[in-house]
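Asks: So the sequence shown is numbered by my numbering: it starts at 3 and just counts up by one.
In this text, a Cβ means the ideal position worked out from N, Cα and C, and glycines have one as well.
Since the model is a prediction, treat every value here as computed from it, not as a measurement.
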Amino acid sequence: MDLTGQKGASIIFAATIITSLLGLFANPKIIDRSLFRPYWFLRSKQYDTIYMSGFVHADVGHLAFNMITFYFFAFGLELQIGTLEFIFLYATGLVLSHACTYHKHKVNPEYASLGASGAISAVLFAYIVYFPTTTLIILPIPIPIPAALFAVSYVAYSYWASTQQKGRINHDAHLCGAISGLIFVAFTDPGAFSNLMRLLD
């Protein structure tokens, strides 16, 4: 892949993989230090965890699922909107998705979460606005899947998983992240929504 003009996505992609693997296999304290704990966020001034938690993951499967999704959508989106806008979108997705998590769990001192799911959902749904007709081939499914269907399925699965949650994966972040991605495009490029609506008519 030619990464010219995709420096933001490349840096985030590499930093997330490296940090997650270091936390999983070399130094578990990295993960513990990065966990987003809504109850302690203000009480203990753990402000940096609103970003740090997005660079660590619960296990290799969690990391792989998020990074495969990121790979499919982030690089193309950065080419479309530009590096600074992409980084701002990603950061906004992290913050707003954690805001939802904070609201839901702020009175639970035992709750902690991690993962890039909220930011990736923001990227995913912003991408869908710009490229609604894109299809994906995701092995082992041998048929093209519309990107919009993948996006809806991604959030639907996340909602279901949040009702079954037993670990620290922040499934709640997916829906708020998706909404933040749509809001971002609405404010920064309202013409993209107009093009989408004309396509859907």
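Going by DSSP, which residues form a beta bridge with I33?
Replies: On the sequence shown, position 31 is the one that residue 33 refers to. I33 is not bridged to any residue.
Asks: Within its chain, find whatever has a CB closer than 7 Å to the CB of T190; leave out the 5 residues flanking it on each side and keep chain order.
Replies: As a working note, residue 190 is residue 188 in the sequence shown. E87.
Asks: So, are the CB atoms of G95 and G120 less than 7 Å apart?
Replies: By 1-based counting over the sequence shown, the position of residue 95 is 93. By 1-based counting over the sequence shown, the position of residue 120 is 118. Cβ atoms of G95 and G120: closer than 7 Å.
Asks: P148 by DSSP, collapsed to three states: which one?
Replies: As a working mapping, residue 148 is identified with position 146 in the sequence shown. Strand.
Asks: Looking at the secondary structure, which residues open and close the alpha helix (DSSP H) in which P40 lies?
Replies: Residue 40 sits at position 38 when you count from the first residue of the sequence shown. Per DSSP, P40 belongs to the alpha helix (DSSP H) from P40 to R45.
Asks: In chain order, which continuous runs of the alpha helix (DSSP H) of length 4 or greater are located wholly inside the stretch 58–129?
Replies: 62–83 and 85–107
Asks: In three-state DSSP terms, what is T21?
Replies: One-based indexing of the sequence shown puts residue 21 at position 19. Here T21 sits in helix by DSSP.
Asks: If contacts are defined as beta-carbon pairs under 8 Å, then S36 and L91 qualify, I think. What distance do you get, rounded to the angstrom?
Replies: Residue 36 sits at position 34 when you count from the first residue of the sequence shown. Residue 91 sits at position 89 when you count from the first residue of the sequence shown. Not really, about 21 Å apart at Cβ, beyond 8 Å.
Asks: So, helix, strand or coil for T137, using DSSP?
Replies: Numbered from its first residue, the sequence shown carries residue 137 at position 135. Correct three-state label for T137: strand.
Asks: Using the C-alpha atoms, what's the distance from P30 back to S22?
Replies: To locate residue 22, count along the sequence shown from 1; it is residue 20. To locate residue 30, count along the sequence shown from 1; it is residue 28. Spanning the two alpha carbons is a distance of roughly 10 Å.
Asks: Answer yes if the stretch 96–114 comes into contact with the stretch 40–48, meaning at least three C-beta pairs across the two stretches below 8 Å, and no otherwise.
Replies: yes
Asks: If A118 sits next to T18, beta carbons under 8 Å apart, how far is it from one beta carbon to the other, in whole angstroms?
Replies: Working through the sequence shown from its first residue, we reach residue 118 at position 116. Working through the sequence shown from its first residue, we reach residue 18 at position 16. So it is a contact: roughly 6 Å between Cβ atoms.
Asks: Taking the Cβ atom as the reference point for each residue, do A114 and R39 lie within a distance shorter than 7 Å?
Replies: As a first step, residue 114 must be located in the sequence shown, where it is residue number 112. As a first step, residue 39 must be located in the sequence shown, where it is residue number 37. Closer than 7 Å, so yes.
Asks: Where does E112 land, buried or exposed, given buried means 16+ other C-beta within 10 angstroms?
Replies: Residue 112 sits at position 110 when you count from the first residue of the sequence shown. Answer is exposed; the Cβ neighbour count stays below 16.
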